[in-house]
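Novice: Got a structure for you, questions after.
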Amino acid sequence: MRYPIFLICCLILFGSCQPQAQNMPAPGIIPEPMKIIHAEGGLILHSQTPITINDPSLHFSAAQIQKWIGSPTIQEGSSGKILLKIDPSLDSLGREGYYLKSDREKLLIVAPAVEGIFYGVQTLRQMLPSEIENSKVADPTIPLTEIWDSPRFNWRGMHLDVSRHFFKTDFIKKYIDYLALHKINTFHWHLVDGIGWRMEIKSHPELTDWGAWRIQKEGNPWDYFEIAKPEDDRPKYGGFYTQEEVKEIIQYAAERAITVLPEIELPGHSKVVMKCFPELACLDKNGKHYPSTHVYCAGNPDSYQLLEDILAEVCEIFPSEYIHIGGDEVDKKYWKSCSKCQRLKQKEKLKNEHEIQSYFVNHFEKFLHNKGKKLIGWHEILEGQLSPTATIMYWKSDKESKEYIQKGHPIILTTENKYYFNFYQGDTPLEPVAWGGHTTLKDVYQYEPIPEGLNETELANVLGVQANLWTEYIDTEALAEYMILPRMSALAATGWNQKEQKDWEQFRNKLPKLLERYDQLGIHYAKSAYIPEIKIEWNDELASATASLSTELPATIHFTLDGTTPTIDNAIANDSLIQLGQAKEITAQAFVDGKAVGPELKKASLTNLAMGKSVDLKSKTYGRYKAKGAQSLTDLKVGGETWGSAEWLGFLNTDLLAIVDLDKAQNISAVHLRCIEQHSSGISFPTQIVVEGSNDQVNFQTIGSIDIKESGNDSGQISTEIFKIASQKNTNYRYIKIRAKCKRSKTQGWFIFTDEIMIY
Ligand code: TNX
Numbered sequence: 007m008r009y010p011i012f013l014i015c016c017l018i019l020f021g022s023c024q025p026q027a028q029n030m031p032a033p034g035i036i037p038e039p040m041k042i043i044h045a046e047g048g049l050i051l052h053s054q055t056p057i058t059i060n061d062p063s064l065h066f067s068a069a070q071i072q073k074w075i076g077s078p079t080i081q082e083g084s085s086g087k088i089l090l091k092i093d094p095s096l097d098s099l100g101r102e103g104y105y106l107k108s109d110r111e112k113l114l115i116v117a118p119a120v121e122g123i124f125y126g127v128q129t130l131r132q133m134l135p136s137e138i139e140n141s142k143v144a145d146p147t148i149p150l151t152e153i154w155d156s157p158r159f160n161w162r163g164m165h166l167d168v169s170r171h172f173f174k175t176d177f178i179k180k181y182i183d184y185l186a187l188h189k190i191n192t193f194h195w196h197l198v199d200g201i202g203w204r205m206e207i208k209s210h211p212e213l214t215d216w217g218a219w220r221i222q223k224e225g226n227p228w229d230y231f232e233i234a235k236p237e238d239d240r241p242k243y244g245g246f247y248t249q250e251e252v253k254e255i256i257q258y259a260a261e262r263a264i265t266v267l268p269e270i271e272l273p274g275h276s277k278v279v280m281k282c283f284p285e286l287a288c289l290d291k292n293g294k295h296y297p298s299t300h301v302y303c304a305g306n307p308d309s310y311q312l313l314e315d316i317l318a319e320v321c322e323i324f325p326s327e328y329i330h331i332g333g334d335e336v337d338k339k340y341w342k343s344c345s346k347c348q349r350l351k352q353k354e355k356l357k358n359e360h361e362i363q364s365y366f367v368n369h370f371e372k373f374l375h376n377k378g379k380k381l382i383g384w385h386e387i388l389e390g391q392l393s394p395t396a397t398i399m400y401w402k403s404d405k406e407s408k409e410y411i412q413k414g415h416p417i418i419l420t421t422e423n424k425y426y427f428n429f430y431q432g433d434t435p436l437e438p439v440a441w442g443g444h445t446t447l448k449d450v451y452q453y454e455p456i457p458e459g460l461n462e463t464e465l466a467n468v469l470g471v472q473a474n475l476w477t478e479y480i481d482t483e484a485l486a487e488y489m490i491l492p493r494m495s496a497l498a499a500t501g502w503n504q505k506e507q508k509d510w511e512q513f514r515n516k517l518p519k520l521l522e523r524y525d526q527l528g529i530h531y532a533k534s535a536y537i538p539e540i541k542i543e544w545n546d547e548l549a550s551a552t553a554s555l556s557t558e559l560p561a562t563i564h565f566t567l568d569g570t571t572p573t574i575d576n577a578i579a580n581d582s583l584i585q586l587g588q589a590k591e592i593t594a595q596a597f598v599d600g601k602a603v604g605p606e607l608k609k610a611s612l613t614n615l616a617m618g619k620s621v622d623l624k625s626k627t628y629g630r631y632k633a634k635g636a637q638s639l640t641d642l643k644v645g646g647e648t649w650g651s652a653e654w655l656g657f658l659n660t661d662l663l664a665i666v667d668l669d670k671a672q673n674i675s676a677v678h679l680r681c682i683e684q685h686s687s688g689i690s691f692p693t694q695i696v697v698e699g700s701n702d703q704v705n706f707q708t709i710g711s712i713d714i715k716e717s718g719n720d721s722g723q724i725s726t727e728i729f730k731i732a733s734q735k736n737t738n739y740r741y742i743k744i745r746a747k748c749k750r751s752k753t754q755g756w757f758i759f760t761d762e763i764m765i766y
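Under this note's numbering, the sequence shown has 684 at position 678, and the numbering climbs by one with no breaks.
Following this line, the structure appears as structure tokens:
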């Protein structure tokens, strides 16, 4: 049917000022606004409507809206159908707070400061169709809402290590864009670390001429490091930012309400500086400079001079209130043996090497103070006698955060086991190789960073939260995106929302809308929250092992029991208990809107008698290497190729002793123990494994044992192995005791790591 031109014009005109009759779903914004009232109906933001701002500083925010919906003009004034307005009378919302109202007539975003307007506009962004991320959408309809919003924490940070792997300025801008979308306000730029110097320093060009480049490391571990001078014509890896590029990034971030925090590591993590300036290394017993240390000599005045020159340039360029000086993981053995450092210790009456560290750090605290800046360092700077005005960035586990908050320094929590986005986020064999532990999207979301039992003054010390991305294993932009998203959305929720407001069910249901936006932006985000988790349990009533399957994000899970890849025609697993019977494997795949999403998960060896059985673990795991407790040993889940993941249990200088209860006596033909080793990390295969059986838990009989020879693996090589202990004779036992002997040596500690016991 063809409509007369006149009627079409009338419809357009009517549409431009009238709401659509249709109802809009609740906006589902992440982070959830503080208070939101959702009304029925919708408002069309007509492309012909100009955007009005009452202050020129709002131009950037207005231009964002202009780009999304194609408004023709941005004009100054104090009334209009799309109005951005600074109003100091809303001061109580804080600089980052805002009020947004979309009614049948107009859209208003009002805030006490430019930052608040920017955040109001980011909220509007999530009320608009996700297609705006890709191309302008004319005349979109937004829901009718009234929003009052303001963040919980002033510091909402994301860090990026550009030293282990280098990321170009275009990617840094993208990274900043992602922060802005999530209302993160601090970009912590880890510019300098052991093996790479990334910022141009005009007074010391060697730092980037030499320190920004290393010989390509094909086939070597991540920390293989050989500096590449310009005249070296072997293939090189690296890069750095010129001061002009740094300024461009700072400006780019500032437009998006983001402060850039630079980090210049001292006195440790400085291997590359020692390669550029070998005379700044400590002296060995023969009075010669150590050839490869990572610490500045604290007794050499030139160390201070170099760092002052560097920091003077950094302070000049970065407008941030804070400068981060690192301070983590300083190996003090060099200071101990260095005659210059020992002389300094005597002269300054320093009690020990920790005090040398605080002497060094306090020197730069004063220096920065004189430049009008405040110092931040990793929590190790608390060793010794630290100046009380220094600010701490805390990176230990959530268990110890209270103790550190109570030390009385202003503190930012970058809690390692929750906010290290270089950790695994899904079932490890299905994930790219990562570093450290395992933190899923849900773990990040559900973490409450403020421990119980702090008083008002202590609470006031917590400036906020931050997640870090260390890039030892992250060598591409796509992988960096994969590691931070969607976990950053969960961090953003914690940074913005009050504790009581957080609600995992609400978040998991809203997130797919934000993921659509990531798709439009072409982000390589992780689908790990769609990997089915398979819980296998022995069910007495059914006399069968059973499986229950779930995913963190909403999905339909289909499964097969015959090893084939599930399709939508296969059975649905959600909410049902799957009887495994004689099945040898289970394969599961999540589907959203009929399409497979995330990798498929296959669990084999269901004939294993130990699956789902309870384990009495007699030996103590070390630190965070506890997986999900003793049950991880029989959950049929194996860890990936790095030991710091969710499935591996680690024991330091301790034999593994575990007793599996098979619920009833069973005929045992073999027991398998899966282990991992990496000598350079102090992890070795066990030296011996002994398996015994019992039916009363008192009298145990030997089933079998093996002695394990040194593997001869290279020091840095990671290998996994399943050790198989065959039964000597036909045996029938209920309780199976496994003892794995830990390697011992006088000179160093050794770990055993194991992830699974299998009994056949
Ligand atoms: C510890 S956290 C480090 C980094 C590593 C990271 C790996 C901190 C201040 N130091 O140098 O990259 O662990 O997860």
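Just so you know, even glycine gets a beta-carbon here, dropped at the ideal spot from N, CA and C.
1. What number of angstroms, rounded off, separates the C-alpha of residue 376 from the C-alpha of residue 268?
2. On the DSSP bridge list, what partners appear for residue 672?
3. Quick check: the Cα distance between residue 467 and residue 403, rounded to an integer number of angstroms?
4. Report all residues from its chain with a CB closer than 8 Å to the CB of residue 27; omit the five preceding and five following residues, and keep chain order.
5. Please name the residue in 750, 720 and 765 whose C-alpha comes closest to that of residue 225.
6. The beta strand (DSSP E) spanning residue 766 covers which residue range?
7. Beta carbon of residue 160, beta carbon of residue 469: below 8 Å?
8. Run the CB neighbour count on residue 431, radius 10 Å, all protein chains shown included, and call it buried at 16 or more, exposed below.
9. Where residue 266 and residue 114 are concerned, what is the direct C-alpha to C-alpha distance, given to the nearest angstrom?
10. On the DSSP bridge assignment, give the partners of residue 378 in chain order.
11. With DSSP collapsed to three states, give me the class of residue 759.
12. Going by DSSP, what residues sit across from residue 162 in a beta bridge?
13. Tell me which residues share the same chain as residue 667 and place their Cβ nearer than 8 Å to its Cβ, disregarding the 5 neighbours each side in the sequence.
14. Mind checking whether the beta-carbon of residue 167 lies closer than 7 Å to any heavy atom of the ligand TNX?
15. Could you tell me if the beta carbon of residue 756 falls within a distance shorter than 7 Å of some heavy atom in the ligand NAD?
16. Using a threshold of 7 Å, is the CB atom of residue 426 nearer than that to any non-hydrogen atom of the ligand TNX?
17. From the DSSP output, read off the bridge partner residues of residue 602.
18. Any heavy atom of the ligand TNX within a distance shorter than 7 Å of the CB on residue 401?
19. For residue 40, which residues of its own chain have a beta-carbon under 7 Å away from its beta-carbon, when the five flanking residues on both sides are left out?
20. If we require 3 or more residues per run, which beta strand (DSSP E) segments fall completely within the segment 125 to 169?
21. Give the range of the alpha helix (DSSP H) segment to which residue 68 is assigned.
22. Apart from the five residues just before and just after residue 319, which ones in its own chain have a Cβ nearer than 6 Å to its Cβ?
23. Looking only at its own chain, which residues have a Cβ that is under 7 Å from the Cβ of residue 123, when we skip the five neighbours before and after it?
24. Could you compute how far the alpha carbon of residue 707 sits from the alpha carbon of residue 511?
25. Distance, Cα to Cα, residue 636 vs residue 681?
26. Residue 571: which of 578, 593, 577 and 583 sits nearest, CA to CA?
27. Using the three-state DSSP reduction, which class does residue 256 fall into: helix, strand or coil?
28. Closest to residue 62 by C-alpha separation, out of 45, 82 and 76, would be which residue?
29. CA-CA distance, residue 280 and residue 234?
30. May I ask you to verify whether the segment 473 to 483 touches the segment 420 to 434, counting CB pairs closer than 8 Å and requiring at least 3?
31. How far does the alpha helix (DSSP H) with residue 219 in it reach, from first residue to last?
32. Use the C-beta contact count for residue 495: other C-beta atoms within 10 angstroms, 16 or more gives buried, fewer gives exposed.
33. Throw me the rounded Cβ distance for the residue 272 and residue 202 pair, which I believe falls under 8 Å.
34. So who's on the other strand from residue 204, going by DSSP bridges?
35. Beta carbon of residue 442: closer than 7 Å to some heavy atom of the ligand TNX?
36. Take residue 779 and list the residues in its own chain whose beta-carbon comes closer than 6 Å to its own, dropping the five residues that flank it on each side.
Specialist: With the structure as the only source:
1. 18 Å
2. 739
3. 18 Å
4. Any reading at residue 27 needs caution, since the residue's pLDDT is 34, under 50, leaving its predicted position unreliable; the model's value is listed next. Here the set comprises 47.
5. 720
6. From DSSP, residue 766 is part of no beta strand (DSSP E); its letter is neither H nor E.
7. yes
8. buried
9. 30 Å
10. Answer is none; residue 378 lacks a bridge partner.
11. strand
12. 471
13. 619, 620, 621, 622, 740 and 741
14. yes
15. Inclusion of the ligand NAD in the displayed structure is not the case, the ligand content consisting of the ligand TNX alone.
16. yes
17. 597
18. yes
19. 154, 155 and 156
20. 147 to 155 and 161 to 167
21. 65 to 75
22. 207
23. 64, 67, 90, 92, 104, 115 and 117
24. 50 Å
25. 15 Å
26. 593
27. helix
28. 82
29. 14 Å
30. yes
31. That residue, residue 219, is in no alpha helix (DSSP H); its beta strand (DSSP E) goes 219 to 221.
32. buried
33. 15 Å between Cβ atoms; not a contact.
34. In the DSSP output, where bridge partners are listed per residue, residue 204 has none listed.
35. yes
36. In the structure as shown, the chain begins at 7 and stops at 766. Residue 779 is therefore absent and cannot be evaluated.
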